[in-house]
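Each residue of the sequence shown is one higher than the last, beginning at 1 in UniProt numbering.
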Amino acid sequence: MSNDLSHSSTSQPDPVTHTNSFSSHFHSQGLPQTAKMTEARHQVNFITGNANKLSEVKAILEPAISVTNQSLDLVEIQGTLEEVTIDKCRRAAELVGGPVLVEDTCLCFDALQDLPGPYIKWFLGSIGHEGLNNMLLAYKDKGAKAVCTFGYSAGPGHEPILFQGITHGKIVPARGPSNFGWDPIFEYEGKTYAEMDKAEKNKISHRSRALAKLQEWFAKEMTA
Ligand SMILES: O=c1[nH]c(=O)c2ncn([C@@H]3O[C@H](COP(=O)(O)OP(=O)(O)OP(=O)(O)O)[C@@H](O)[C@H]3O)c2[nH]1
Ligand SMILES: [Mg+2]
Numbered sequence: 001m002s003n004d005l006s007h008s009s010t011s012q013p014d015p016v017t018h019t020n021s022f023s024s025h026f027h028s029q030g031l032p033q034t035a036k037m038t039e040a041r042h043q044v045n046f047i048t049g050n051a052n053k054l055s056e057v058k059a060i061l062e063p064a065i066s067v068t069n070q071s072l073d074l075v076e077i078q079g080t081l082e083e084v085t086i087d088k089c090r091r092a093a094e095l096v097g098g099p100v101l102v103e104d105t106c107l108c109f110d111a112l113q114d115l116p117g118p119y120i121k122w123f124l125g126s127i128g129h130e131g132l133n134n135m136l137l138a139y140k141d142k143g144a145k146a147v148c149t150f151g152y153s154a155g156p157g158h159e160p161i162l163f164q165g166i167t168h169g170k171i172v173p174a175r176g177p178s179n180f181g182w183d184p185i186f187e188y189e190g191k192t193y194a195e196m197d198k199a200e201k202n203k204i205s206h207r208s209r210a211l212a213k214l215q216e217w218f219a220k221e222m223t224a
């Protein structure tokens with residue numbers, strides 16, 4: 001993963017031009033024939049360098065859908081969460097030369113009009129849990145959304161299909177183990193993600209909500 005937020009150059013079509021047409025990428029719009037899965041109906045190749053994401057995705061999808069993984073260094077552009085995921089998915093499909101699943105996670109602060117959003121990784125790395133809390137000191141509203149956007153592509157040249165899940169919570173001083181990103185500062189119904197056991201988090205998380213849509217899509221594909 002690049003640490004360079006200035007990366008926006010790409011030899012592929014500029015996804016920023018899709019700003020007002022993301023709905024065409026979401027699965028509820030119906031699938032183009034070209035995006036249908038063929039031989040690998042029960043399997044996804046999840047391209048991520050994040051071991052925690054991988055373990056949550058496996059815990060939620062397996063055994064119904066088996067999850068393989070390649071850890072590739074994908075450039076992440078600047079843009080909206082949908083633009084970032086669409087571009088990431090196209091790049092992954094090109095690199096792998098086959099079907100891929102990618103995911104991008106955002107943490108959006110209500111008082112800051114959804115920033116840091118897709119840039120949360122860089123904010124977390126630079127200012128940590130305390131700094132993220134401090135960003136909201138001037139505001140009463142500590143509300144935040146955890147947003148997970150999966151992109152599936154049937155291969156190079158196939159438009160990504162998006163599956164998005166959102167969990168509303170609030171930003172609090174860190175509580176619980178610091179094993180995964182901002183889990184200790186994101187509180188949902190009285191507990192931070194870090195204070196929940198994995199099964200509890202996976203029931204209500206942004207990731208599980210997005211994966212429920214993916215599972216629904218897979219189920220339809222299998223009976224189509
Ligand atoms: O506390 C957390 N609970 C979560 O459920 C969660 N999901 C993602 N993250 C973190 O948010 C940033 C997203 O950036 P991100 O989507 O680009 O991920 P990444 O670069 O780590 O992996 P990937 O891009 O190779 O898939 C990274 O700092 C991730 O560690 C989480 N933190
Ligand atoms: Mg990343």
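Think of the CB as a built atom: it goes at the ideal place given N, C-alpha and C, for glycine as much as any other residue.
Could you please give the first and the last residue of the uninterrupted beta strand (DSSP E) stretch that includes residue i?
i: residue 168; result: 161 to 171
i: residue 44; result: 43 to 47
i: residue 153; result: 143 to 153
i: residue 101; result: 100 to 109
I want to check one thing, is the minimum distance from the CB of residue i to the heavy atoms of ligand 2 below 7 Å?
i: residue 121; result: yes
i: residue 130; result: no
i: residue 76; result: yes
Can the beta-carbon of residue i be found less than 8 Å from the beta-carbon of residue j?
i: residue 81; j: residue 149; result: yes
i: residue 25; j: residue 93; result: no
i: residue 218; j: residue 65; result: yes
i: residue 47; j: residue 101; result: yes
i: residue 195; j: residue 176; result: yes
i: residue 144; j: residue 109; result: yes
i: residue 227; j: residue 136; result: Missing from the structure shown is residue 227; the chain here goes from 1 to 224 and no further.
i: residue 155; j: residue 99; result: yes
i: residue 90; j: residue 178; result: no
Apply the 10 Å Cβ neighbour rule to residue i and answer buried if 16 or more other Cβ atoms are within range, or exposed otherwise.
i: residue 45; result: buried
i: residue 36; result: With a pLDDT of only 41 at residue 36, under 50, the local geometry of the prediction cannot be trusted, and the value read off the model is given with reservation. Flag for residue 36 reads exposed.
i: residue 104; result: buried
i: residue 212; result: exposed
i: residue 126; result: exposed
i: residue 189; result: exposed
i: residue 216; result: exposed
i: residue 34; result: Confidence at residue 34 is low in this model, with a pLDDT of 36, below 50, so its placement is unreliable and no value can be given for it.
i: residue 42; result: exposed
i: residue 77; result: buried
i: residue 51; result: exposed
i: residue 21; result: Caution is warranted here: a pLDDT of 41 is assigned to residue 21, below 50, making its placement in the model unreliable, and the coordinate value is therefore given only provisionally. Burial call: exposed.
i: residue 183; result: buried
i: residue 79; result: buried
i: residue 173; result: exposed
i: residue 223; result: exposed
i: residue 193; result: buried
i: residue 197; result: exposed
Identify the continuous alpha helix (DSSP H) that holds residue i and give its terminal residues.
i: residue 123; result: 120 to 134
i: residue 73; result: Unbroken run through residue 73: none, as it is neither H nor E.
i: residue 87; result: 81 to 96
i: residue 200; result: 198 to 204
i: residue 187; result: Element bounds for residue 187: not the alpha helix (DSSP H) but the beta strand (DSSP E), 186 to 188.
i: residue 56; result: 51 to 61
Less than 7 Å between the CB of residue i and some heavy atom of ligand 1, yes or no?
i: residue 124; result: yes
i: residue 103; result: yes
i: residue 217; result: no
i: residue 193; result: yes
i: residue 197; result: no
i: residue 90; result: no
i: residue 175; result: no
i: residue 53; result: yes
i: residue 133; result: no
i: residue 150; result: no
i: residue 209; result: no
Throw me the rounded Cβ distance for the residue i and residue j pair, which I believe falls under 8 Å.
i: residue 171; j: residue 132; result: 7 Å
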